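Step one of this worksheet: look at the structure below.
Protein chains: 2
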Amino acid sequence: MDEIRSLGLPESSLPEPIRRTALHDTLVGRLRDMIIEGHLSPGTRLNEGQLGQMLGVSRTPLREAIKYLASEGLVELVPSRGAVVKRFGAKDVKDMLSVLATLEELAGRLACASARDEEIAEIRALHDRMVRHYKAGDRLEYYKLNQAIHTRIVAISGNAALAEVHGMLQTRLKRIRFVGHEGAEKWAAAVGEHEEMVAALEARDADRLSEVLGRHLKKAWERVSETLEGAGR
Amino acid sequence: MDEIRSLGLPESSLPEPIRRTALHDTLVGRLRDMIIEGHLSPGTRLNEGQLGQMLGVSRTPLREAIKYLASEGLVELVPSRGAVVKRFGAKDVKDMLSVLATLEELAGRLACASARDEEIAEIRALHDRMVRHYKAGDRLEYYKLNQAIHTRIVAISGNAALAEVHGMLQTRLKRIRFVGHEGAEKWAAAVGEHEEMVAALEARDADRLSEVLGRHLKKAWERVSETLEGAGR
DNA sequence: ATAAAAAATGCTGCATACAGAATACAAAAG
DNA sequence: CTTTTGTATTCTGTATGCAGCATTTTTTAT
């Protein structure tokens with residue numbers, strides 16, 4: 001161990017062997033982002049030739065990444081016709097938010113029971129940063145931290161399966177929320193709910209946290225549903 | 234041929250005619266079954282050459298299927314080392330069952346609210362068939378119908394996202410439950426809970442159905458946990 | 001001019017080929 | 001005999017090629 005350190009390597013690279021970034025993960029990430037950010041809109045056929053050229057890879061790894069995304073539910077595989085970006089109707093979104101609410105209610109309970117104090121403090125820190133961006137009117141940063149807080153609450157629940165399915169649904173919904181630009185008063189209400197959440201978590205009040213998380217997401221549906229009127233498939 | 238045996242596969246699962254029209258889906262299904270039924274045990278490396286030869290396909294579609302399963306969580310991708318069958322520890326299983334319970338509680342509520350009468354009748358029919366297999370002592374058929382009932386309850390909840398994540402977790406757990414051979418009295422208790430479930434559904438008593446489903450899965454954990462003692466990764 | 005048929009084009013699905021990493025093996029040093 | 005180092009083999013990761021299906025365009029007949 002000391003011989004290694006004597007080589008002058010940074011300590012951060014010691015514990016884990018150098019992991020060459022796998023192309024597969026990169027491609028999955030790139031495609032996911034393209035879909036979430038709307039560069040590939042719903043219904044679009046993914047042309048393997050074009051996409052491959054665009055991303056600088058051959059069709060083989062690209063196809064593998066597409067299959068991965070298909071299992072994730074972001075694209076749909078049509079026999080002999082390739083993959084198309086999945087289109088979500090209003091009901092789909094509502095359903096996903098229902099499940100997400102249920103999952104976060106569970107996460108809240110678990111987090112209150114098993115999270116360590118520093119983890120809760122970390123969420124408080126994220127929240128404070130989010131509020132600063134809110135006050136500055138920076139919607140993009142606000143949304144990012146908003147998502148991060150929800151993800152983090154699920155993470156500190158200590159349930160890996162829960163984190164996984166939650167992440168999956170959240171990924172699918174990112175595309176939608178990206179568009180959701182609510183008015184000032186609703187935005188303020190959302191921030192207020194977040195404040196409640198953090199307070200409940202700090203008090204380790206499972207019932208209250210669970211309730212706020214559920215309410216928060218039900219209101220999220222109301223906020224989003226206006227945008228989606230008639231967007232059914 | 235000996236190389237094939239080195240994967241731990243029985244010869245009975247060797248080649249088979251493969252439908253030319255939906256190879257990807259077929260491969261995913263075959264591999265999934267091989268994992269669930271234990272022909273590919275946890276920790277096993279998936280050798281693309283051998284598997285491909287065994288299934289009569291080239292590596293390309295096989296790799297695509299593997300990537301799909303990776304996203305499903307049945308296998309794990311290790312850079313430069315291929316895919317290995319994921320290994321679940323006791324805590325993983327417990328976590329999955331927690332989430333599954335929460336999801337089924339939600340499904341039960343939704344089903345009571347929105348299922349059509351014939352859908353409920355269909356579940357009653359499945360239940361009756363299951364009870365017959367129980368009385369005949371046919372564990373395999375019993376388990377299959379047991380699963381089918383839970384899946385069906387989730388399906389008639391009318392929430393597609395819920396059905397999807399539920400199916401995902403259930404698939405991962407199938408491998409575990411396959412092994413779970415509980416004693417006679419616990420088996421009887423499980424059947425009793427099922428009877429309660431169907432009754433609550435027929436009465437459209439959401440609270441009661443939700444409660445029974447949750448209780449049922451918590452007991453499932455107790456039944457399974459004995460088998461898994463010290464099976465942590 | 002319109003509709004149907006036929007040819008042409010493009011794309012997907014699968015197989016094969018090749019380069020580089022990982023592992024297994026063997027020989028040499030301690 | 002154990003450990004190490006160099007080599008051979010195996011397997012993964014990626015690219016490319018070819019056949020078949022879909023779709024579009026052109027041609028032909030009414």
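Chains A and B, in that order, are what the protein sequence lines are. Mapped onto the numbering used here, the consecutive letters of the first sequence carry residue numbers 1 to 233. Mapped onto the numbering used here, the consecutive letters of the second sequence carry residue numbers 234 to 466. Using N, Cα and C, we set each Cβ at its ideal position, and we do this for glycine too. The model shown is predicted, which means the values in this text are computed figures rather than measured ones.
Check: Close beta carbons around A:Leu14, own chain, < 6 Å, minus the five adjacent residues each side; Outcome: Confidence at A:Leu14 is low in this model, with a pLDDT of 37, below 50, so its placement is unreliable and the value that follows should be read with caution. No residues qualify anywhere along the chain.
Check: One or two residues paired with A:Ala83 in a DSSP bridge; Outcome: A:Leu46 and A:Leu77
Check: Inter-residue spacing [alpha-carbon to alpha-carbon] between B:Gly289 and B:His427; Outcome: 42 Å
Check: Any chain A beta carbon closer than 8 Å to B:Val290; Outcome: no
Check: Chain-order list of residues whose beta-carbon lies under 8 Å from that of B:Gln403 (same chain, five-residue window excluded); Outcome: Leu333, Gln380, His383 and Thr384
Check: Helix, strand or coil at B:Arg448 [DSSP, three-state]; Outcome: helix
Check: Whole-angstrom distance between B:Ser304 and A:Ala144, CA atom to CA atom; Outcome: The sequence shown places Lys at residue 144 of chain A, rather than the Ala named in the question. Looking at the two C-alpha atoms, the distance is approximately 24 Å.
Check: Amino acids of chain B, ordered along the chain, whose beta-carbon sits closer than 7 Å to that of A:Thr26; Outcome: Within 7 Å Cβ-Cβ: nothing; A:Thr26 doesn't reach chain B, min ~11 Å.
Check: Min CB distance B:Asp266 to chain A below 8 Å; Outcome: no
Check: Which of helix, strand or coil DSSP assigns to A:Ala200; Outcome: helix
Check: Of the listed residues B:Lys407, B:Ala393 and B:Cys345, nearest to B:Ala433 (C-alpha basis); Outcome: B:Cys345
Check: Within-8 Å CB hit, B:Ala436 to chain A; Outcome: no
Check: Pair within 8 Å by beta-carbon distance, A:Leu97 and A:Lys86; Outcome: no
Check: Interface residues of the segment 132-145 of chain A facing chain B [CB-CB below 7 Å]; Outcome: none
Check: Per-residue DSSP class, three states only, for A:Gly232; Outcome: With a pLDDT of only 43 at A:Gly232, under 50, the local geometry of the prediction cannot be trusted, and no value is derived from it.
Check: Exposure label - A:Leu9; buried when at least 16 CB within 10 Å; Outcome: Note that A:Leu9 scores 37 on pLDDT, short of 50, meaning its location in the model is unreliable; the coordinates nonetheless yield the value given after this. By the 10 Å Cβ count, A:Leu9 comes out exposed.
Check: Endpoints, alpha helix (DSSP H) assigned at B:Ala298; Outcome: Arg292 to Glu305
Check: Contacts that A:Arg63 makes with chain B (C-beta to C-beta distance below 7 Å); Outcome: Glu297
Check: Boundaries of the alpha helix (DSSP H) in which B:Asp350 is found, first to last residue; Outcome: Asp350 to Ala369
Check: Residue-level contact to chain B via CB, A:Ser225, 8 Å cutoff; Outcome: no
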